[in-house]
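>
In the working numbering, the protein residues as written are 2 to 233.
1) Which whole runs of the alpha helix (DSSP H) in the stretch 40 to 118 are 4 residues long or more, in chain order?
2) Could you tell me the distance, in whole angstroms, from the CA atom of residue 159 to the CA atom of residue 187?
3) Cα separation between residue 194 and residue 161?
4) Within a Cβ cutoff of 8 Å, which residues of the same chain sit near residue 173, ignoring the five residues on either side of it in sequence?
5) Quick one: is residue 103 buried, meaning 16 or more other Cβ sit within 10 Å of its Cβ, or exposed?
6) Within 10 angstroms of the Cβ of residue 85, are there 16 or more other Cβ atoms? Answer buried if so, exposed if not.
7) Over what stretch of residues does the alpha helix (DSSP H) that includes residue 172 continue unbroken?
8) Closer than 7 Å by C-beta to residue 189: which residues in its own chain qualify, once you throw out the five before and the five after it? Chain order, please.
9) Within the same chain, show all residues whose beta-carbon is closer than 7 Å to that of residue 46, passing over the 5 residues directly before and after it, in chain order.
10) Using the rule of at least 16 other Cβ atoms within 10 Å of the residue's Cβ for burial, across every protein chain shown, is residue 111 buried or exposed?
11) Within this structure, are the beta carbons of residue 180 and residue 74 separated by less than 9 Å?
12) Excluding the five sequence neighbours on either side, which residues of its own chain have a C-beta within less than 8 Å of the C-beta of residue 10, listed in chain order?
13) Does DSSP put residue 30 in a helix, a strand or coil?
14) May I ask which residues mark the beginning and end of the alpha helix (DSSP H) holding residue 162?
15) Going by alpha carbons, who is nearest to residue 143 out of 54, 115, 91?
16) Quick one: Cα of residue 151 to Cα of residue 128, how far?
17) Counting Cβ pairs, one atom from each stretch, are 3 or more of them under 8 Å apart for the stretch 15 to 28 and the stretch 191 to 207?
18) Could you please give the first and the last residue of the uninterrupted beta strand (DSSP E) stretch that includes residue 122?
19) Span of the alpha helix (DSSP H) holding residue 131?
20) Expressed to the nearest angstrom, what Euclidean distance is found between the alpha-carbon atoms of residue 39 and residue 182?
21) Our contact map puts residue 64 next to residue 105 with C-beta atoms below 8 Å; I'd like the distance itself, whole angstroms only.
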């Protein structure tokens, strides 16, 4: 209520902010670093990657079902367990039964680009997201995303950055269709990288913040960029 501006990640959040709080949001995209080229071509990538926390809204248990539907596919999950609840134990037990699924625990953030660059596809099973960093990090590495149920502001379908599905069966069908089709994945990956460069690169996002801070009363453009303000 006291904030001068409220930043949102998506148009959906902007709408919710107006409906629930009566505030006008300022859309500023999340920033994502761009791994340096060269990145492996789509033809050299074969595994399907899932990244997330062991939370019910992330639905990691669905990966046990998905892997059983696609026994010919190699899956990797990066999913650090959170605590020792019944839910965590049940999910881990289900995942351990999947012979074609390799589960990693916590991976340092600095090592994550190496996993994205090896992946043919990134799969998301989340039931709720703002604008998932996993999507941006995958796209920055030219990796298409297959998302079960979540498409922030419709960017996946609008820009052709992967596939948005409505069921686990559709998700399996999308993997089965795209995994052997390297040219299609290459084209999606190129569009994905271009989308991140144009909308989420640190330079683009920093310029948006500079513009926003420079609009505050008493803050000059120079001060928002790190110089000395001429205003008190």
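Glycine residues also receive a C-beta, built at the ideal position from the N, C-alpha and C atoms.
Looking at the coordinates:
1) 63 to 70, 87 to 97
2) Residue numbering aside, residue 159 sits at position 158 when the chain shown is read from its first letter. Residue numbering aside, residue 187 sits at position 186 when the chain shown is read from its first letter. Taking the straight line from one Cα to the other gives about 17 Å.
3) The count along the chain shown starts at 1 and reaches residue 194 at position 193. The count along the chain shown starts at 1 and reaches residue 161 at position 160. Those two C-alpha atoms are separated by around 11 Å.
4) As a first step, residue 173 must be located in the chain shown, where it is residue number 172. If we look at residue 173 and ignore the five residues flanking it on each side, its Cβ neighbours are 67, 70, 71.
5) Sequence index remark: in the chain shown, residue 103 carries index 102 (1-based). Per the 10 Å Cβ criterion, exposed.
6) Residue numbering aside, residue 85 sits at position 84 when the chain shown is read from its first letter. It counts as exposed.
7) Locating residue 172 in the chain shown gives position 171, where the first residue counts as 1. Element bounds for residue 172: 169 to 179.
8) Along the chain shown, one-based indexing puts residue 189 at 188. Once the five neighbours on either side are set aside, the close Cβ partners of residue 189 are 145, 161, 162, 163.
9) As a working mapping, residue 46 is identified with position 45 in the chain shown. So the qualifying residues of the chain are 119, 120, 121.
10) Mapped onto the chain shown, residue 111 falls at position 110. So residue 111 counts as exposed.
11) Here residue 180 refers to the residue found at position 179 when the chain shown is read from its first residue. Here residue 74 refers to the residue found at position 73 when the chain shown is read from its first residue. Closer than 9 Å, so yes.
12) Translated into the one-based positions of the chain shown, residue 10 becomes position 9. Excluding residues within five positions, the ones whose Cβ falls inside 8 Å are 28, 29, 30, 31, 131, 132, 153.
13) On the chain shown, position 29 is the one that residue 30 refers to. In the structure shown, residue 30 sits in coil (DSSP, three-state: anything other than H, G, I, E or B).
14) Position 161 of the chain shown, counted from the first residue, corresponds to residue 162. No alpha helix (DSSP H) contains residue 162, which DSSP labels as neither H nor E.
15) Here residue 143 refers to the residue found at position 142 when the chain shown is read from its first residue. It is 115.
16) On the chain shown, residue 151 is found 150 positions in, with the first residue counted as 1. On the chain shown, residue 128 is found 127 positions in, with the first residue counted as 1. Cα to Cα, residue 151 sits roughly 7 Å from residue 128.
17) no
18) Counting from one through the chain shown, the residue named residue 122 turns up at place 121. Element bounds for residue 122: 120 to 125.
19) Numbered from 1 along the chain shown, position 130 holds the residue referred to as residue 131. No alpha helix (DSSP H) holds residue 131; DSSP gives it neither H nor E.
20) As a position in the chain shown, residue 39 is number 38, starting the count at 1. As a position in the chain shown, residue 182 is number 181, starting the count at 1. Distance between the alpha carbons of residue 39 and residue 182 is about 21 Å.
21) Sequence index remark: in the chain shown, residue 64 carries index 63 (1-based). Sequence index remark: in the chain shown, residue 105 carries index 104 (1-based). In fact, because the Cβ distance is near 13 Å, the residues do not count as touching under 8 Å.
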